[in-house]
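Undergrad: Mind looking over this structure? Questions follow.
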Amino acid sequence: MTAPAIVTRFAPSPTGYLHVGNLRTALINWLFARRHGGRFVLRLDDTDLERSKPEYARAIREDLAWMGLVSAEEVVQSDRLDRYAAALAALQASGRAYPCYETPEELDLKRKARRAAGKPPVYDRAALKLSVADRAALAATGKRPHWRFLLNDEPIGWPDAVKGVIAIPPGTVSDPVLARGDGRPLYTLTSVVDDVALGISHVIRGEDHVANTASQVQIFRALGAAPPTFAHLALMLDKGGEGLSKRVGSLAVRSFREAGIEPMALASLLAGLGTAHGVIAKTTLDELAARIELGEFGRAAARFDDAELRALNAKLVRGLPFSNVRDRLAKLGLGDAPEAFWIAVRANVAAVNEARDWWRVVTGPVAPVIEDADFVGQAAELLPPGAWDDTTWTSWTRAIKGVTKVEGAPLFKRLRLALTGLDHGPEMRALLPLIGPERVKARLAGRAA
Ligand code: GLU
Numbered sequence: 016m017t018a019p020a021i022v023t024r025f026a027p028s029p030t031g032y033l034h035v036g037n038l039r040t041a042l043i044n045w046l047f048a049r050r051h052g053g054r055f056v057l058r059l060d061d062t063d064l065e066r067s068k069p070e071y072a073r074a075i076r077e078d079l080a081w082m083g084l085v086s087a088e089e090v091v092q093s094d095r096l097d098r099y100a101a102a103l104a105a106l107q108a109s110g111r112a113y114p115c116y117e118t119p120e121e122l123d124l125k126r127k128a129r130r131a132a133g134k135p136p137v138y139d140r141a142a143l144k145l146s147v148a149d150r151a152a153l154a155a156t157g158k159r160p161h162w163r164f165l166l167n168d169e170p171i172g173w174p175d176a177v178k179g180v181i182a183i184p185p186g187t188v189s190d191p192v193l194a195r196g197d198g199r200p201l202y203t204l205t206s207v208v209d210d211v212a213l214g215i216s217h218v219i220r221g222e223d224h225v226a227n228t229a230s231q232v233q234i235f236r237a238l239g240a241a242p243p244t245f246a247h248l249a250l251m252l253d254k255g256g257e258g259l260s261k262r263v264g265s266l267a268v269r270s271f272r273e274a275g276i277e278p279m280a281l282a283s284l285l286a287g288l289g290t291a292h293g294v295i296a297k298t299t300l301d302e303l304a305a306r307i308e309l310g311e312f313g314r315a316a317a318r319f320d321d322a323e324l325r326a327l328n329a330k331l332v333r334g335l336p337f338s339n340v341r342d343r344l345a346k347l348g349l350g351d352a353p354e355a356f357w358i359a360v361r362a363n364v365a366a367v368n369e370a371r372d373w374w375r376v377v378t379g380p381v382a383p384v385i386e387d388a389d390f391v392g393q394a395a396e397l398l399p400p401g402a403w404d405d406t407t408w409t410s411w412t413r414a415i416k417g418v419t420k421v422e423g424a425p426l427f428k429r430l431r432l433a434l435t436g437l438d439h440g441p442e443m444r445a446l447l448p449l450i451g452p453e454r455v456k457a458r459l460a461g462r463a464a
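The opening residue of the sequence shown carries number 16 in the numbering used here; numbering runs sequentially from there.
Next up, the structure:
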């Protein structure tokens, strides 16, 4: 027997920009499908017509593409309303969907009353007790019912691929609303209908959906389908101190892009965070896919540390070849920067866009810092003629040492300060030919150049 196909999905609502918490969910779904040679579907949950916007759908696709999380298949829920209507009709026919007439205000009062009585704020199923005549009378007033799913009273549970066995006592979850009074279907229903239609084998999502899953496992069955495997990922919190932790899932993916974070730095962090094997910098999604294991994700909140992300980024940037950054450097206004420049500076930047600062050091103007004018004057006289390359620094500093008897750190520091205005930076051996004779001479003479 062949193993059933692995199909995952990422189902954002296009009501805003993608957040890093959503991106983590997308990534893990993508990697899991990839690892098992399965399919990854992008589903846009746009049944909330007021809040869903095409520009957010575009932005979501753009953010996913930035990380390489492409899907060969995309479905949009607003194109599939007939399927949801058919499913609702089937549930109505089987008695698992029942009409309710309470207003939001009435429901709110009921919840408050239950809380005050020390009971969980679960819907009391008052609408189930309406007689045919009651319903007819309500319909005659022009009221259109919303529809709830009738949960059966057996314990709800499932073996969660991350959280282990979950058991939810009956009576603690409200019968979920499947469709509004105006007939529009709601997420709890649409998600299940699509998960069935798309053959989703694994629903991997944040643990904030556990309560939805409790209802949805029963909706799957009521629609004649076996529920998929569920995996609920622990939330991400910031590193924080005691009591300071906050959810970091709400940071927009674009803010990381704009800060010059490499997609693979963020992907490495998000794929490893909260797992038993921890975070490892990888340069391709396939390498991350090769180690993805749902059982490796812990149940405790994952700690997102910005410093860890920056360190991963620096590590990846250091290994980027010029061919990979040439266009990005050009966009930063560094179209003239040669390969030697990138090779010289890449270990000194935490993000590609920081190369701008070093290009300014190369091309100037730099205000030289002259610690010892006599020494720098002598050094200027010893500058070798001719074309400079990466051996020039060594021969020049040797000559300076021979004449001035200054050597080691003091010699290098004085020259670096004079030539770059800074006491740290990329190797001078590489910078010297990039700065070039004209600017070098001017800076050694104390002039900004
Ligand atoms: N549209 C839902 C959300 O963004 C999808 C949840 C799910 O994965 O089922 O929360």
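Ideal placement from N, C-alpha and C gives every residue a C-beta, glycine not left out. Note that this is a predicted model, so its numbers are computed, not measured.
Below 7 Å, is the gap between the Cβ of Arg199 and the nearest heavy atom of ligand 1?
TA: Result no, Cβ not under 7 Å from ligand 1.
Undergrad: Shorter than 7 Å, the distance from the beta carbon of Asp321 to the closest heavy atom of ligand 1, or not?
TA: No.
Undergrad: With DSSP run on the structure shown, which of helix, strand or coil describes Asp60?
TA: Here Asp60 sits in coil by DSSP.
Undergrad: Within 10 Å of its beta-carbon, does Ala131 have 16 or more other beta-carbons around it, so buried, or fewer, so exposed?
TA: Flag for Ala131 reads exposed.
Undergrad: Per DSSP, what kind of secondary structure is Val22 in: helix, strand or coil?
TA: Three-state DSSP puts Val22 in a strand.
Undergrad: For Met251, write down the residues that DSSP places opposite it in a beta bridge.
TA: The partner list for Met251 (beta bridge, DSSP) reads Ala317.
Undergrad: Return the chain-ordered list of same chain residues with a C-beta closer than 8 Å to the C-beta of Asp404, the five sequence neighbours on each side being excluded.
TA: Result list for Asp404: Pro448, in chain order.
Undergrad: Considering just the uninterrupted stretch of the alpha helix (DSSP H) at Val455, what are its terminal residues?
TA: From DSSP, the alpha helix (DSSP H) with Val455 extends over Met443 to Leu459.
Undergrad: Per DSSP, which one or two residues make a beta bridge with Phe312?
TA: DSSP output for Phe312 lists Thr290 as bridge partner(s).
Undergrad: Using alpha carbons as the reference points, say which of Gly83, Pro135 and Leu250 lies closest to Gly186.
TA: Out of Gly83, Pro135 and Leu250, Pro135 has the C-alpha closest to the C-alpha of Gly186.
Undergrad: Please confirm whether any heavy atom of ligand 1 lies closer than 7 Å to the CB of Ser216.
TA: For ligand 1, not one heavy atom lies less than 7 Å from the Cβ of Ser216.
Undergrad: Just curious, the alpha helix (DSSP H) that Asp78 is in, first and last residue?
TA: Where Asp78 is concerned, the enclosing alpha helix (DSSP H) stretches over Pro69 to Met82.
Undergrad: Mind checking whether the beta-carbon of Tyr202 lies closer than 7 Å to any heavy atom of ligand 1?
TA: True, at least one ligand heavy atom lies under 7 Å from that Cβ.
Undergrad: DSSP state of Pro243, grouped into three classes?
TA: Residue state, collapsed to three classes: coil.
Undergrad: Taking 6 Å as the limit between beta carbons, can you name the residues of its chain near Phe337, skipping five residues before and five after?
TA: Glu354 and Trp357, listed in sequence order.
Undergrad: Counting pairs of Cβ atoms below 8 Å between the segment 365–385 and the segment 418–437, do you hit three or more?
TA: Short answer: they touch.
Undergrad: Hey, could you find the ends of the alpha helix (DSSP H) Glu273 is sitting in?
TA: Val268 to Glu273 is the extent of the alpha helix (DSSP H) around Glu273.
Undergrad: Under the three-state reduction of DSSP, which class applies to Glu302: helix, strand or coil?
TA: Glu302 falls in the helix class under three-state DSSP.
Undergrad: Indicate, with yes or no, if ligand 1 has a heavy atom lying under 7 Å from the CB of Arg220.
TA: Within the cutoff, so yes.
Undergrad: What whole-angstrom Cβ distance do Leu250 and Gly221 have, given they're in contact under 8 Å?
TA: Yes, they are in contact, since the Cβ atoms of Leu250 and Gly221 sit about 6 Å apart, within 8 Å.
Undergrad: Is it the case that the segment 58–69 contacts the segment 115–132, given that we only count it when at least three CB pairs across the two stretches are under 8 Å?
TA: No, they do not touch.
Undergrad: Confirm the yes/no value for this check: CB of His224, any heavy atom of ligand 1, distance under 7 Å.
TA: Yes.
Undergrad: For ligand 1, I want to know if Ala104 counts as a neighbour, meaning its beta carbon is within less than 7 Å of at least one of the ligand's heavy atoms.
TA: Incorrect: Ala104 has no Cβ contact closer than 7 Å to ligand 1.
Undergrad: At a threshold of 7 Å, does Pro191 count as lining ligand 1 (C-beta to nearest heavy atom)?
TA: No, ligand 1 has no heavy atom inside 7 Å of this Cβ.
Undergrad: Taking Ala395 and Leu459 to be in contact with their CB atoms under 8 Å, please state how far apart those CB atoms are, rounded to whole angstroms.
TA: Confirmed, Cβ separation roughly 4 Å.
Undergrad: According to DSSP, is Val218 part of a helix, a strand, or is it coil?
TA: It is a strand residue.
Undergrad: Which residues in the same chain have their Cβ closer than 8 Å to the Cβ of Thr409, if we skip the five residues on either side of it in sequence?
TA: The answer, listed in chain order, is Arg444.
Undergrad: Might you give, ordered along the chain, the residues of its own chain that have their beta carbon closer than 7 Å to the beta carbon of Ser501, omitting 5 neighbours on each side?
TA: Nothing can be reported for residue 501, as the shown portion of the chain is limited to 16 through 464.
Undergrad: Indicate the three-state DSSP secondary structure (helix, strand or coil) for Gly417 in the structure shown.
TA: Gly417 falls in the helix class under three-state DSSP.
Undergrad: Let me make sure I understand the geometry here. Which of Leu426, Gly275 and Val207 has the alpha-carbon closest to that of Val367?
TA: Looking at the Cα atoms, Gly275 is the closest of the given residues.
Undergrad: From the DSSP output, which residues share a beta bridge with Ala182?
TA: Paired residue(s): Gly172.
Undergrad: Please report the residue range of the beta strand (DSSP E) in which Arg163 lies.
TA: First-last of the beta strand (DSSP E) with Arg163: His161 to Phe164.
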